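A short worksheet on the structure shown next.
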Amino acid sequence: MLYREAGDFKTTYTDDNQTFPIKADRVGYYVIMAVAFGVIPFLINDYWASAVLLPFLIYGIAAIGLNILVGYTGQLSLGTGGFMAVGAYATYKLMTAFPDLNMFFVVILAGLITAVVGVLFGLPSLRIKGFYLAVATLAAQFFLVWLFNRVPWFYNYSASGQISAPERTIFGQAVTGAESLPAVAYLFCLVFLVGSAWLARNLTRGSTGRKWMAIRDMDIAAEIIGVDPLRAKLTAFAVSSFFVGISGALFFSVYLGAVEVGEVFGINKSFLVLFMIIIGGLGSIFGSFAGAAFLVLLPVFLKNVLVGTMGWPTDLAAHLEFMIVGALIITFLIVEPHGLAQLWRVTKEKLRLWPFPH
Amino acid sequence: MNMTAQDDGYITADGRKIGPVMMEMKNITLRFGGVKAITDISFDIREGEIRAIIGPNGAGKSSMLNVISGFYVPQEGEVWYKGAKRPPMKPFQVARQGIARTFQNIALFEGMSVLDNVMTGRLNYMKTNMFQQGLWFGKAQREEVENRESVEKIIDFLEIQSIRKTPVSRLPYGLKKRVELARALAAEPTLLLLDEPMAGMNVEEKEDMSRFILDVNDEFGTTIALIEHDMGVVMDLSDRVVVMDYGKKIGDGSPDEVRNNQDVIDAYLGVAHD
Chain D
13 MLYREAGDFK TTYTDDNQTF PIKADRVGYY VIMAVAFGVI PFLINDYWAS
63 AVLLPFLIYG IAAIGLNILV GYTGQLSLGT GGFMAVGAYA TYKLMTAFPD
113 LNMFFVVILA GLITAVVGVL FGLPSLRIKG FYLAVATLAA QFFLVWLFNR
163 VPWFYNYSAS GQISAPERTI FGQAVTGAES LPAVAYLFCL VFLVGSAWLA
213 RNLTRGSTGR KWMAIRDMDI AAEIIGVDPL RAKLTAFAVS SFFVGISGAL
263 FFSVYLGAVE VGEVFGINKS FLVLFMIIIG GLGSIFGSFA GAAFLVLLPV
313 FLKNVLVGTM GWPTDLAAHL EFMIVGALII TFLIVEPHGL AQLWRVTKEK
363 LRLWPFPH
Chain G
1250 MNMTAQDDGY ITADGRKIGP VMMEMKNITL RFGGVKAITD ISFDIREGEI
1300 RAIIGPNGAG KSSMLNVISG FYVPQEGEVW YKGAKRPPMK PFQVARQGIA
1350 RTFQNIALFE GMSVLDNVMT GRLNYMKTNM FQQGLWFGKA QREEVENRES
1400 VEKIIDFLEI QSIRKTPVSR LPYGLKKRVE LARALAAEPT LLLLDEPMAG
1450 MNVEEKEDMS RFILDVNDEF GTTIALIEHD MGVVMDLSDR VVVMDYGKKI
1500 GDGSPDEVRN NQDVIDAYLG VAHD
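Dropping the structure here:
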């Protein structure tokens, strides 16, 4: 059967409210889940895990988090790198202070700690809007990185100033540290990504999401129908920072293993995640995935083509890669300013009546 | 019809029962710096009536509505609502008291669908917390469906079924106005404030809108206060009219009384100063 929503009728509001109202989408979703959980763990190797899958999963979580703040609530933030750092350092402190605590809870707790920090830095959003808020969040970015660099308590007074993740196991399998298997790390991150996407989707399709979007689209009208702007904005900062904190925790503990804060969680990271959601599509969970995939896969793909297939020297390819990615982003934003998610939406609309024009 | 009369209301010419005073503005004065937008105005709104506020441009009508809905806090005067003096409130707190409004320039959420826009009108009825919503299944889903049902009734009532899933940004002006009314109605307000509901509409759209306003008043018993420039509409719809000019009240009474009030005629037609 052709993929389209025409003819797919609903008889209850519950059906109409599903995440995937189109049957073909639902089937596709189950297939992807089955492959992600049942097939990829057996095929995965070190290269795929560290170059493609882990970054995609972890940035996916960060993108969902930032999308809630920027795309759904309309509060521009450049502090993502700083909040990821909070997640990472919270993880480090928790791992070293409570060696017996299950890694799963460590990551969740790190997310919660980041949520609190996010709310603190979200307070200015009540008075300042738009670009000015972006500058205020920039302060969070620089302050947090400075804090983790300068206060030795955060890196347990280690001589190098770095933090490195000790080995922790889940169900007897090492998930952090040098001994961890790619399949285990992958599954661990996958669980968090699926959980984050599920939570984010539920929040955004319900009344919380409507409050956020109302604030985004017109804050005065939102207030007049009974949205408390203070609560709406701060919950958005909390939820957003929670996800960003989780991604920072995973980025440090599972993916990199050792982190120097200025290098890993600098302003570049904030921009990278922001670009992901702009390219993927603001205000769309699918867009967060698409943007993360685009910016993670594109460099890898280009490197493979340029170095692997065409045999260019690595350094030349690396520079060209920057140029091509940059050019693609610009082209892409001109063609579809609302991102990959919008492209997908338009396609779906066209398919509704295809092959008939009306 | 007797205006000043008994506290328990009166019966209109077409047999509708108007109840006691629901909202009373007492000596409201609103200043912006040195500019007096509203000067010492008092009037009341009775339960179940359609109350119009009219006046030439810049008379302070919208400011008055903004005082009622909590955007402006008047420097002097008191607002009494349902028999109690209202302390200064934020707009969202006013909304939770059962006062809904529409705007002169449409204030819909452009990025959301019609359905989502109308659903935002139900926010005050949705009590699940964020954790329940994050899990979705169970309470949050039940609440969503219940509120969807009442929203669908409003959608049926205003005949906008066909555009339910359309993004608001794609709708023509007249429909946007109707969606905004739907959003206000979804809150099941006791007092509905309409700021120029018919501005910029053609005759047909005006007729539709008038019909909806009368139906809302009739079927839901909603008290309505509206600002409108189309005199024909105002005189036909409203039970009582307040006339403002330069921030002062120059007339108050039934449409007929107002129409024959010399001050009102002067304000609208101009008067020779000599």
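Those protein sequences? They're chains D and G, same order as listed.
Each residue of the first sequence is one higher than the one before, counting from 13 in our numbering.
Each residue of the second sequence is one higher than the one before, counting from 1250 in our numbering.
All C-beta atoms in this analysis are idealised placements derived from N, C-alpha and C, irrespective of residue type, glycine included.
Quick caveat, the model's predicted, so the values are computed rather than measured.
Query                                                                                                                : Result
Any chain D beta carbon closer than 8 Å to Gly1347(G)                                                                : no
Glu179(D) versus Ser300(D), Val129(D), Thr108(D), residue with shortest Cα-Cα distance                               : Thr108(D)
Cα-Cα separation, Met1210(G) to Ala151(D)                                                                            : Nothing can be reported for residue 1210(G), as the shown portion of chain G is limited to 1250 through 1523.
Under 7 Å (Cβ pairs) to chain G, residues found in the stretch 225–239 of chain D                                    : Met225, Ala226, Arg228, Asp229, Met230, Ile232, Ala233, Glu235, Ile236, Ile237, Gly238, Val239
Cβ-based contacts, 8 Å cut-off: residues of the stretch 79–90 of chain D near chain G                                : none
CB of Glu1296(G) within 8 Å of CB of Gly1268(G), strictly                                                            : yes
Between the CA atoms of Asn1373(G) and Gly86(D) - distance to the nearest angstrom                                   : 22 Å
Rounded straight-line distance, which links the Cα of Gly40(D) to that of Ile76(D)                                   : 21 Å
8 Å Cβ cutoff, Leu345(D) in contact with chain G                                                                     : no
Span of the beta strand (DSSP E) around Val1322(G)                                                                   : Counting along the chain, Val1322(G) falls outside any beta strand (DSSP E), and DSSP gives it neither H nor E.
Extent of the continuous alpha helix (DSSP H) run through Ile125(D)                                                  : 115–134
Closer than 9 Å at the beta carbon, the chain G residues around Tyr42(D)                                             : The premise fails here: Tyr42(D) is roughly 17 Å from chain G at the closest Cβ pair, so nothing lies under 9 Å.
Option nearest Glu361(D) by Cα separation, candidates Gly1383(G), Lys1414(G), Ala1301(G)                             : Lys1414(G)
Buried or exposed by the 16-neighbour rule on C-beta atoms within 10 Å, applied to Tyr84(D)                          : buried
Enclosing alpha helix (DSSP H) for Ser1312(G) [first to last residue]                                                : 1310–1317
Proximity to Glu235(D) [Cα-Cα], best of Gly1319(G), Pro1305(G), Tyr1259(G)                                           : Gly1319(G)
Spatial neighbours of Asp58(D) in its chain, beta-carbon cut-off 6 Å, leaving aside the 5 residues before and after  : Pro194
Same chain, Cβ closer than 7 Å to Val312(D), neighbours up to 5 away in sequence not counted                         : Ala63, Val64
Between the CA atoms of Glu1506(G) and Phe1386(G) - distance to the nearest angstrom                                 : 58 Å
Residues sharing a beta bridge with Trp1329(G), DSSP                                                                 : Glu1273(G), Lys1334(G)
Chain-ordered neighbours of Asn1373(G) on chain D, where CB pairs are closer than 9 Å                                : Ile237, Gly238
Residue-chain proximity (Gln1353(G), chain D), Cβ-Cβ < 8 Å                                                           : no
Exposure of Met115(D), with buried meaning 16 or more beta-carbon neighbours within 10 Å                             : buried
contact_flag[the stretch 1350–1368 of chain G, the stretch 241–251 of chain D] where n(CB pairs < 8 Å) is 3 or more  : no
Between the CA atoms of Gly1500(G) and Ile1524(G) - distance to the nearest angstrom                                 : Since the first and last residues shown for chain G are 1250 and 1523, residue 1524(G) lies out of range.
Where Leu1443(G) falls, given that 16 or more other Cβ within 10 Å makes a residue buried                            : buried
Distance between Pro33(D) and Thr26(D) (C-alpha atoms, nearest Å)                                                    : 10 Å
DSSP beta-bridge partners of Asp1464(G)                                                                              : According to DSSP, Asp1464(G) bridges with nothing at all.
Assigned exposure category for Trp224(D) - 16 Cβ within 10 Å defines buried                                          : buried
Candidates Pro67(D), Ile342(D), Phe143(D), of which the one nearest Ser265(D) by Cα                                  : Pro67(D)
Backbone secondary structure at Asp1257(G) - three-state DSSP                                                        : coil
Minimum C-alpha distance to Ala339(D) - residue among Ser219(D), Gly238(D), Ala146(D), Ile291(D)                     : Ile291(D)
Start-to-end residues for the alpha helix (DSSP H) that takes in Asp229(D)                                           : 219–229
Proximity winner among Tyr1259(G), Ile1299(G), Glu1398(G), Ile1260(G), relative to Thr23(D) (alpha-carbon distances) : Glu1398(G)
is_contact[Gly218(D), chain G] using C-beta, thresh 8 Å                                                              : yes
Entirely enclosed alpha helix (DSSP H) segments - the stretch 1437–1489 of chain G, minimum 4 residues               : 1452–1469, 1480–1486
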